[in-house]
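Quick notes on the structure that follows.
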Amino acid sequence: MLCSSRLASLRAQATIFRHSKTLVSAPDSPSLTELSDYKEERIDNFKLSELISKQHWRDLRSIVNRTSPEKFLQFLFESEAFDAETTLRYFRWSAKEFNVCYSVEFHCRILHLLATAKRYAEIRSLIDLFVKSRDESVSLVLHSIVSTSRSARRISCAVIVDMLVLGYVKNSKFDFAVEAFERAGDYGFRLSKFSCNPLLNALVKQSRIENAEAVYKEMIRRRVSLDLITFNIMINGLCKAGRLQKAGDVMEDMKAWGVLPSVVSYNTLIDGHCKLGKAGKLYKADALLKEMILKNVHPNEVTFNIMIDGYCKDRDILSAMRLFKEMKDRPDLVPNVITYNSLINGLCQQGKLDEALSLRDEMSGMNLKPNVATNNALINGFCKRGMVKEARQLFDSIIEQGLCPNVISYNTLIDAYHKSGEMEEALKLHGLMSLDKNVCPDNVSTYNCLISGLCAEGNKKRVSEILDQMAEKGVRADHITYNILISALCKKGESKKAIKLLNEMVDVGLKPRHLTYNILIDAFCGEGKLDAAFNMKTRMEKAGRRANVVTYNVLIKVLCKKGKLEEANRLLNEMLEKGMIPNQITYEIIRRKWLSGVLFQILMGISIAESEKR
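Counted the way our numbering counts, the sequence shown spans residues 8 to 621.
Written as structure tokens, this is what we have:
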């Protein structure tokens, strides 16, 4: 039994149990005071701490059993004799040992102890476990963080909330993360870039650009320390969403914050403009390239590859070759496989097969091994020239080169066979594809090629077999599949069966597109069923598909053929009132059918105005 002088020398004592039985310690564990019934048991805090730190769990369990895990934890919190590590160790052990689900408040008190002790790794670990296993409301969690803190722990609150946001992001609980970010501002906590940047990045990856923009603007408002990573994430997200003007504004924000755009910043923005090359954005990409050179930001291989690929896709092969030459002239840059593949593909798309083959040879001379993408581009080039035999030879050589053909390799050649009317060869190649372990033969695009070719041949039986094969292998028909089948039925004058397919399409959850409706409208017009054609236009609009220029052209043309010029005029007026710009086909229909001279003049006026805009 501990004497009174020994008790007086202890740093702290605590009353934790009442009405206890006598406790007997294990031989090697710290001795405990024996107490008789209905007396207070006073325990040496140092020895109690030793029990926990040395993991004498059996002895500790006998103590905890006389109260409850929660009360014992409360005792540890209230006593100043136990450090954060000891309390955390008990917290983890007791939660597992007694299967206790500690309250949010207890979690927050532990977090405050750890924050005060600057045990940040343990904070992250505890928050990660809490977030992963619990879906407590963000409001409750933040309220508990604040209510369990002391005035001196205001800084610890901000640290905990910062790591909480990061914990939500790491566990893919993005709605919780956004709410925690917003509520942190309500409490006046200033978060760091270490939680905000991962949140921004996650939102961009999830294509939640509206949320990302809101977080970004709030970061600026709260004066969070933004860095290059912050700005690059936002530029990337806005470019992905096609909001190039706003992405450019973020570049301006960088300058205001004293952050210099990097080669990644420029590459991302240039890539965004190149992807919209058909909308006439490539001149802006070129201007950005000149700007970065002017500002001493050195373009790298990625920069040139983006620009070259952009020009190739915009069918501006001359500009692509100009940049290619400039790239080769730079001592610090060397064209790579991606560079050559973009150019070879661009040349093949324009039918310049000889130049593409020459580049492939140049590529090999630079010890750059052509890959599957290189060969796919050339196979496509041969197919475009109608050189299917040569395309097949190149396809066979892929395997000889130790490469594996991919879905694109097979589909390009299958499509070429279909277009040249060699459906037996196409089906044989599909059979070979089924045996190739490196590709998945059960993709809808391959089946669409086969169905299209068989429909063109009028081979109903084989089409039916292919559709059965798709169903058997769980390959779902897509919009293209239905459009091919609907078009085939319409060409054979079986519009009623085509309507059934349209209804089936809706039933399986596919929303018909403009092309689907226009195929049917054109078919009805061809059959002289004007009422059915206009009814289909109405159905199309009720389904949320606004009639487009193609729709109007089909209807105007048939009305003109029928001599119903007034109705054609009315439809043309409707088209103009809805803000649609007539195309060349519209002008040809009107010119040939001598529609009202005034209306033709109006159309010519529109044409001139559009030309001036361009």
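Just so it is clear, CB atoms sit at the ideal spot from N, CA and C, and this is done for glycine as well.
This one's a predicted model, so the numbers in the text were calculated from it and none came from an experiment.
Reference residue i; option with closest CA among the options
| i | options | result |
| --- | --- | --- |
| Ser75 | Ser154, Arg392, Asn106 and Thr523 | Asn106 |
| Gly174 | Gly192, Val138, Asn418 and Asp256 | Val138 |
| Ala378 | Gln357, Lys396, Ser349 and Leu118 | What sits at residue 378 in the sequence shown is Asn, not Ala. The shortest Cα separation from Asn378 among Gln357, Lys396, Ser349 and Leu118 belongs to Ser349. |
| Cys456 | Lys467, Leu439 and Ala423 | Ala423 |
| Gln213 | Ala550, Lys224, Leu198 and Asn243 | Asn243 |
| Pro519 | Ile491, Gly500 and Leu537 | Ile491 |
| Leu210 | Gly195, Asp193 and Phe188 | Phe188 |
| Glu308 | Ala292, Asp323 and Lys335 | Lys335 |
| Val111 | Asp169, His150 and Leu95 | His150 |
| Cys281 | Met512, Gly409 and Asp321 | Asp321 |
| Trp100 | His119, Pro306, Arg65 and Ala575 | Arg65 |
| Cys532 | Gly500, Asp514, Ala327 and Arg228 | Gly500 |
| Arg230 | Asp260, Asp135 and Ile597 | Asp260 |
| Asp443 | Tyr417, Ile216, Gly428 and His486 | Tyr417 |
| Leu295 | Ala254, Met328, Cys319 and Leu360 | Ala254 |
| Asn218 | Thr419, Ser269, Leu235 and Asp182 | Asp182 |
| Asn208 | Glu429, Leu245, Leu133 and Arg367 | Leu245 |
| Lys426 | Ser471, Ala463 and Leu436 | Ala463 |
| Glu85 | Asn204, Cys108, Ile117 and Val341 | Ile117 |
| Glu104 | Leu83, Arg68, Ala124 and Leu80 | Arg68 |
| Ile167 | Leu325, Asp193, Lys125 and Ser140 | Lys125 |
Whole-Å CB distance - residue i paired with residue j, under 8 Å assumed
| i | j | result |
| --- | --- | --- |
| Thr558 | Ile528 | 6 Å |
| Cys355 | Leu385 | 6 Å |
| Phe393 | Ala433 | The question names Phe, but residue 393 is Gly in the sequence shown. Not quite, the Cβ-Cβ distance comes to about 15 Å (not below 8 Å), so this is no contact. |
| Cys411 | Ala398 | The pair is not a contact, with the Cβ atoms about 17 Å apart (cut-off 8 Å). |
| Ile421 | Thr381 | That pair is no contact at about 20 Å. |
| Ala540 | Leu522 | Not quite, the Cβ-Cβ distance comes to about 16 Å (not below 8 Å), so this is no contact. |
| Asp449 | Val482 | 5 Å |
| Leu120 | Thr94 | 6 Å |
| Ile277 | Ala292 | 5 Å |
| Asn312 | Thr346 | 5 Å |
| Leu1 | Ala575 | The question about residue 1 has no answer, for the chain in this structure spans 8 to 621. |
| Phe201 | Asp169 | 7 Å |
| Val185 | Val222 | 7 Å |
| Asn560 | Ile596 | 7 Å |
| Leu198 | Val172 | 6 Å |
| Leu289 | Gly317 | 6 Å |
Reduced DSSP category for residue i - H, G, I as helix; E, B as strand; rest coil
| i | result |
| --- | --- |
| Lys549 | helix |
| Ser75 | coil |
| Ser32 | In this prediction, Ser32 has a pLDDT of 32, which is less than 50 and means its spatial position is unreliable; nothing more can be read from the coordinates. |
| Gln400 | helix |
| Lys320 | helix |
| Gly533 | helix |
| Ser349 | helix |
| Ile300 | helix |
| Gly409 | coil |
| Leu517 | coil |
| Lys332 | helix |
| Glu112 | helix |
| Arg49 | With a pLDDT of only 46 at Arg49, under 50, the local geometry of the prediction cannot be trusted, and no value is derived from it. |
| Ile588 | coil |
| His305 | coil |
| Arg598 | helix |
| Lys212 | helix |
| Asn383 | helix |
| Val556 | helix |
| Leu283 | coil |
| Lys426 | helix |
| Val341 | coil |
| Asn374 | coil |
| Arg361 | The amino acid at residue 361 is misidentified as Arg; the sequence shows Asp. Reduced to three states, the DSSP call for Asp361 is helix. |
| Gly393 | coil |
| Ser86 | coil |
| Phe105 | coil |
| Lys633 | Within the shown structure, residues of the chain are numbered from 8 to 621, placing residue 633 beyond reach of any answer. |
| Lys544 | helix |
Below-9 Å beta-carbon distance, residue i vs any chain C residue
| i | result |
| --- | --- |
| Ile386 | In the structure shown, chain C does not exist; there is a single protein chain. |
*4-residue-minimum alpha helix (DSSP H) runs that sit fully inside the region 219 to 273, ordered along the chain*: 235 to 247 and 251 to 263
*alpha helix (DSSP H) segments (min. 4 residues) lying fully within the region 121 to 204*: 127 to 140, 145 to 154, 161 to 177 and 181 to 193
*asked:* Is it the case that the region 126 to 134 contacts the region 143 to 153, given that we only count it when at least three CB pairs across the two stretches are under 8 Å?
replied: By the Cβ criterion, the region 143 to 153 is not in contact with the region 126 to 134, since fewer than three pairs of Cβ atoms, one from each stretch, lie closer than 8 Å.
_Sufficient close CB pairs (3 or more, under 8 Å) joining the region 259 to 266 to the region 290 to 301_ = no
*Meets three-Cβ-pair contact criterion under 8 Å: the region 468 to 485 and the region 496 to 508*: no
*If you scan the region 431 to 513 from start to end, which runs of the beta strand (DSSP E) of 3 or more residues do you find wholly inside it?*
none
*Can you find at least 3 beta carbon pairs, one from the region 540 to 547 and one from the region 572 to 586, that sit closer than 8 Å?*
no
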